[in-house]
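For the sequence shown, position 403 matches number 387 in the numbering used here, and the numbering has no gaps at all.
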Amino acid sequence: MQDQVNKDQQSVSELHSQATSAAQSTADAEAKVAAAKQATAAAEKSMDIAGAKADVDKAQSDVSTAKSTVTEAQTVADKAAADKANASQTADNAKANLNKTTANINAVKSDLDKTKADTANAQSNLTTAQVGVANAQKVLDNAKNTSTVNLAAEGISVTVSDAAKAAAASLLTGNANNSKFLSENLVAIARGLKITYKPTAADWSQNLNYTDTTKSYKGQTIGVSSIEYVDAFKTLSDAQKTHFEDIYLAVINSIRTQLGMPGIISADTVNGTTKVAAVGPTDTAGGFTLYARAFYPAKQNDGNIKWLDRVPANPITTYNMALLKDNLINYSVLQTLTSNDTDGFQGVYAASVLQPILGFSKTKEATKVLADKISFQSGGPLLFLSIDIATVNNDATYTSSANIPALETALADAKIKLTSAQNALTTVQSKQAAAQSVYDQAAARHADAQAAYSKAVIVQQTAVNAKSYADNALATAETTLTKAETTLAAAQKVLEESQQDLTVKQAKLNAARAAQSAAEKNLATAQTKQTEADTAVTDAKAQRDKDQAALQAAKNKLTSAKQAVTYAEANLYRLNHSQDVLAAAKDAQAKAEAALATAQTAVDQAEKTLSIRQADLTTAQDVTTKAEVALAAANANLADAQAHLEASKQALKIAQVAESLAENVSRQQHRLDSEAKAKVDGYRIVGGRVVDYGGKPVAGWTVINGQMVDMYGNVIARVATKASVKKTSFNNDVSVDSRMTRLHGTASLPQAGEQRTSGLSVFGLVVVAILGMFGYSQRKRRV
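Next comes the structure, spelled out in structure tokens:
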């Protein structure tokens, strides 16, 4: 078959050369025909008097039309020139107006900038005046309040939420005499307050002069407890007790100032008998009490204290300032000012305590500076706190070395300056608004001028373009007129010549026509030969391509069949040595089946080719030799394909046997693995299911006829197992959070309009509570 392809290729090359030669002959013949036609046309034209006269008439008409076009183009060009001049003048005027509005807006902007600067200066003066008022108020407050407590240094934090601040603002500006309105906002303030103490290193290191702290029980050291805090407090010096009073005063002052209210001062700084109402320390709230047992402190990793209902592993044996402060801050009456619940007694009680402390009464003490007196009294195992609250008379004097009246005068002067600065700011803001209006109007005029100028420039450019177009059209019309006049002169000359020597011209025409006819016949002959040559080349190429395709197909089928047999033999070898190649064997089987199908197709194709070649042999005697060669090749291909078919069938059979063997080996391996797993994990049958040692069902395993069957269908023998029980230990540490209760008496919020004052411009309310450790389970530090 390869020899036949080589012969086909040689035949194609020879025929292609002949076709190229024929194409060249055709091209030469076409050139000669074109030349003959041109000569014939020239001869005919030289004798066409009527045509020459028609050409003259047409040329004359074209000249007249061109002259009319030139006239019209000149008119358009003149108008375009006038339009351009007008547009240029309009643009110049718009530019001048734009320059004028630009200068105007710059001048107006200068005025606006000046008013803005004046406004900024007035705003700065107002800010300065505001700072002056704040500073004067601060100096006055500091002069009235002698407390120097730094809450942060004491480890105490007082925070007020935005919601609490908003509630205080509502009370200060609204009707605080309405009981419901007052109660709701006081509860909101209580929910927004947070008072916390975190022991400092100094407090941990400051031991108190309290010695009864080494008690033991059955040989175990117990350490200090909550029930000793009163005795520990009694050991404080007068200065230390006064410091705690100042701490409470500072906490209440921080709450008021953060709520936007005036601060408080210590009643001890006010001279005279009118400083506070004479109110004694009575227990109006019903008091707090303790469990009849102790709680024990434990220091946490974060430095805080946790109180336990059992003795810790490392008990604290010395009562120090950290423990006492934790009692008096985190678990004291201060926490009654706050509330964590959303509804109920705690919020109402907090509101009732906050009302007198904040000064929300009928005479509106909330807007005044209050004088508070903090005092502690002990009663047996309990510790009481009294807070006396009063307003300060106008004639009161202070123990501070500062001149309070002078400071009050300075504050009043600062407020006058603030009012003046506010008025000045209002004035310059009005001027700025007027200047802004003028600027906006100037800016609008400037924008209109800019738009007009932009439009004028566009119109001007359009006019320039129109004039250029008109000039080009005029030049084109003039050129067309010149060409038309030239054509007319040439046509007139041809007409004159066509009327001379008619006999000679007729002879030339006859000769030209004869030459054209001969050239056309030669062209037809050349074209026929070229067509035949092209057809021969096409047929030869088709036969060559067909033979090449058949040869390549046969080669491909032979190679594929050989590869399939080799691959199947390799798979058989691997299957004989390991069950792990089961998947590869299945793949080999699939490929062998594909090779079988391919081989069968090759046989069918070979048989078809053989039939075609036999038909060619019978019907084409002139190609007997070629057909016999093709028939022999087809027979060889058929025999080869049949051999590969048999080999593929054998490889498929071997692959199927190998796959079956691999599956059996795999099943046995799975059974051995399942038996080992069942023995190790104690698989057994419980309630018709297979479970492991822990009673957990085994996924994929079933019970059939009382036997365990794994996920591969293997029956697995049961194994004997021993039950095991795991013990779990629990360690339950109970803290004070779940073991405290609070015994409270009655507490009610004052009704609308009630007045709790006594004496001239003085009111007094005593908030008394037992500072008992863990007296109220909800009064713990909120984290």
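Heads up, the beta-carbon is just placed ideally off N, CA and C, and yes, glycines get one too.
Check this for me: beta carbons of residue i and residue j, under 9 Å apart or not?
i: F217; j: F360; result: yes
i: F165; j: L155; result: yes
i: Q121; j: N304; result: no
i: G176; j: A136; result: no
i: V208; j: I179; result: no
i: N698; j: S658; result: yes
i: L243; j: L342; result: yes
i: P183; j: G287; result: yes
i: V115; j: H227; result: no
i: A75; j: T446; result: no
i: V117; j: L391; result: no
i: L458; j: A61; result: yes
i: G672; j: V693; result: no
i: T593; j: N621; result: yes
i: A468; j: D46; result: yes
My understanding is that residue i touches residue j, with C-beta atoms under 8 Å, so please give their C-beta distance in whole angstroms.
i: K68; j: V448; result: 6 Å
i: L318; j: Y232; result: 7 Å
i: T99; j: A454; result: That pair is no contact at about 55 Å.
i: A3; j: D531; result: Between D531 and A3 the Cβ distance is about 21 Å, and since that is not below 8 Å, they are no contact.
i: Y667; j: V682; result: 6 Å
i: I206; j: P281; result: About 12 Å separates the two Cβ atoms, so there is no contact after all.
i: V337; j: T320; result: 5 Å
i: I249; j: V353; result: 6 Å
i: V40; j: Q476; result: 5 Å
i: I358; j: Y181; result: Wrong, their Cβ atoms sit about 17 Å apart, outside the cutoff.
Would you kindly work out how many angstroms separate the C-alpha atoms of residue i and residue j, rounded to a whole number?
i: Q(-7); j: R528; result: 6 Å
i: Q204; j: R240; result: 48 Å
i: T253; j: V144; result: 27 Å
i: Q44; j: Q444; result: 41 Å
i: F272; j: K309; result: Confidence at F272 is low in this model, with a pLDDT of 36, below 50, so its placement is unreliable and the value that follows should be read with caution. Cα to Cα, F272 sits roughly 18 Å from K309.
i: A174; j: A374; result: 22 Å
i: Q224; j: D102; result: 56 Å
i: T585; j: Q536; result: 15 Å
i: A151; j: A172; result: 6 Å
i: H0; j: E504; result: 25 Å
i: K706; j: V670; result: Per-residue confidence for K706 stands at a pLDDT of 38, beneath the threshold of 50, marking its modelled position as unreliable; the derived number appears in the next sentence. Rounded to the nearest angstrom, the two C-alpha atoms are 14 Å apart.
i: I371; j: R294; result: 35 Å
i: L124; j: A398; result: 12 Å
i: L96; j: N119; result: 34 Å
i: A417; j: V441; result: 36 Å
i: V478; j: E14; result: 29 Å
i: S(-3); j: T522; result: 11 Å
i: K575; j: Q547; result: 10 Å
i: T86; j: A428; result: 11 Å
i: L493; j: A508; result: 23 Å
i: D230; j: D356; result: 10 Å
First and last residue of the alpha helix (DSSP H) that includes residue i?
i: Q361; result: Not the alpha helix (DSSP H): Q361 falls in the beta strand (DSSP E), residues L354 to G363.
i: L308; result: M305 to K309
i: L233; result: D222 to Q242
i: S189; result: A185 to S189
i: F217; result: Y213 to K218
First and last residue of the beta strand (DSSP E) that includes residue i?
i: K680; result: Looking at the DSSP string, K680 is not in any beta strand (DSSP E), and its letter there is neither H nor E.
i: A171; result: The displayed chain sequence assigns Val, not Ala, to residue 171. Run containing V171: none in the beta strand (DSSP E); it sits in the alpha helix (DSSP H), S163 to R175.
i: Y280; result: Y280 to K283
i: S154; result: Premise fails: S154 lies in the alpha helix (DSSP H), D146 to T157, not in any beta strand (DSSP E).
i: V687; result: T686 to I688
i: V670; result: R668 to V670
i: I206; result: Premise fails: I206 is in no beta strand (DSSP E) and is neither H nor E.
i: A350; result: Counting along the chain, A350 falls outside any beta strand (DSSP E), and DSSP gives it neither H nor E.
i: T322; result: Run containing T322: none; DSSP gives neither H nor E here.
i: T805; result: The question about residue 805 has no answer here: the residues shown for the chain are numbered -15 through 767.
i: L292; result: I289 to L292
i: V295; result: That residue, V295, is in no beta strand (DSSP E); it is neither H nor E in DSSP.
i: M692; result: Q691 to V693
i: S250; result: I248 to S250
message: With three or more beta-carbon pairs closer than 8 Å as the criterion, would you say the stretch 501 to 513 touches the stretch 9 to 29?
response: The answer is yes - the stretch 9 to 29 touches the stretch 501 to 513, with three or more Cβ pairs under 8 Å.
message: Can you confirm whether the stretch 533 to 549 touches the stretch 43 to 50 when touching is taken to mean that 3 or more C-beta pairs between the two stretches lie within less than 8 Å?
response: Fewer than three beta-carbon pairs drawn from the stretch 43 to 50 and the stretch 533 to 549 are found closer than 8 Å, and the two stretches are therefore not classed as touching.
- prompt: Is the stretch 404 to 418 close to the stretch 101 to 120, with three or more CB pairs under 8 Å?
  reply: Because the criterion of three Cβ pairs below 8 Å is met, the stretch 404 to 418 and the stretch 101 to 120 touch.
message: Across the stretch 490 to 507 and the stretch 79 to 87, are there enough close Cβ pairs to call them in contact, namely three or more that are closer than 8 Å?
response: Judged by Cβ distances under 8 Å, the stretch 490 to 507 makes no contact with the stretch 79 to 87, as fewer than three pairs qualify.
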